Amino acid sequence: MFLSSRMITSVSPSTSTNSSFLLTGFSGMEQQYPWFSIPFSSIYAMVLLGNCMVLHVIWTEPSLHQPMFYFLSMLALTDLCMGLSTVYTVLGILWGIIREISLDSCIAQSYFIHGLSFMESSVLLAMAFDRYIAICNPLRYSSILTNSRIIKIGLTIIGRSFFFITPPIIRLKFLNYCHFHILSHSFCLHQDLLRLACSDIRFNSYYALMLVICILLLDAILILFSYILILKSVLAVASQEERHKLFQTCVSHICAVLVFYIPIISLTMVHRFGKHLSPVAHVLIGNIYILFPPLMNSIIYSVKTQQIHTRMLRLFSLKRY
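Mapping to UniProt numbering: the sequence shown position 148 is 148, numbers consecutive.
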């Protein structure tokens, strides 16, 4: 990738904790950025518009004020915030507005990216719990998932997602970055900053691994376990039509789980084992990890969830006339 002498100076090895970092777009394809900006701008517009519409429909429709849709609104809000946390740097590079980011801004962005990823995982787990109660214990559904309990679950999700990630993120501020200050993506990730540090990073590495195991992996196992119980309950139903109806209530959530975990596993595998891959592949996988879940979740729930789909159609028909 071509770098000007000024940029080389600004990203060259340094032990300063206040240096700037160079954000990497699609290396070697800078001439194509105006064309790349069109689909990326469209995707961000769909992320922001789609999730705002889901939130608007749930907020304005009293019949949707139910536990299932409260959790869906948490998911939409998480996806909306994920889009907002990265739109400036991703589109800024493609539009030629920015190429560098300060350490403080980089740390703040990584805090929100990783915190929101953990939050999405936690919300998906809460939604799995909601489906489990609705199918396996329907008579107690309203008494178990009361409004006060949902508020407590929401606050627990926020605390769990952002509190435990704070120590390693704060420590990034006090590391010395003596390698070339060139990031691998169009946004800042914790593991990307660690790669550039020459301080002792064992605390961050082990702590981050513990968080991945205790949050992402544990959530995935609990979601899988909940669906084993759901499947067992559905198969116990005599009527095949009733089985199909019960399973249909889970399709949207299953799709959302796959949309979240497949990109995050792919990014982890690329960082761990894909060092031989081209930088473009790393950037592409990184952008899929950031943009694919927020984009697809609003589409999945708008199409697959009948109540949301009906209200969306009604909303568009009102705007047309």
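Ideal Cβ placement from N, Cα and C applies to all residues, glycine included. Computed from a predicted model, the values in this text were never measured in an experiment.
Beta-ladder partner(s) of residue i, from DSSP
| i | result |
| --- | --- |
| residue 21 | 101 |
| residue 228 | DSSP output for residue 228 lists no bridge partner at all. |
Residue burial classification, residue i (beta-carbon count within 10 angstroms, cutoff 16)
| i | result |
| --- | --- |
| residue 294 | buried |
| residue 119 | buried |
| residue 215 | buried |
| residue 29 | exposed |
| residue 70 | buried |
| residue 226 | buried |
| residue 156 | exposed |
| residue 147 | exposed |
| residue 287 | buried |
Three-state secondary structure (DSSP) of residue i
| i | result |
| --- | --- |
| residue 182 | strand |
| residue 312 | helix |
| residue 56 | helix |
| residue 29 | coil |
| residue 165 | coil |
| residue 51 | helix |
| residue 132 | helix |
| residue 146 | coil |
| residue 219 | helix |
| residue 120 | helix |
| residue 115 | helix |
| residue 137 | coil |
Nearest-angstrom beta carbon gap, residue j and residue i [assumed within contact, 8 Å]
| i | j | result |
| --- | --- | --- |
| residue 369 | residue 190 | Residue 369 lies beyond the stretch modelled for the chain, which goes from 1 to 321, so this question has no answer here. |
| residue 186 | residue 25 | 6 Å |
| residue 256 | residue 228 | That pair is no contact at about 18 Å. |
Interface flag, residue i vs chain D, CB-CB below 7 Å
| i | result |
| --- | --- |
| residue 221 | Here chain D cannot be found, since the structure has a single protein chain. |
For residue i, the first and last residue of its enclosing alpha helix (DSSP H)
| i | result |
| --- | --- |
| residue 195 | 190-196 |
| residue 214 | No alpha helix (DSSP H) contains residue 214, which DSSP labels as neither H nor E. |
| residue 300 | 279-304 |
| residue 261 | 240-273 |
| residue 76 | 67-94 |
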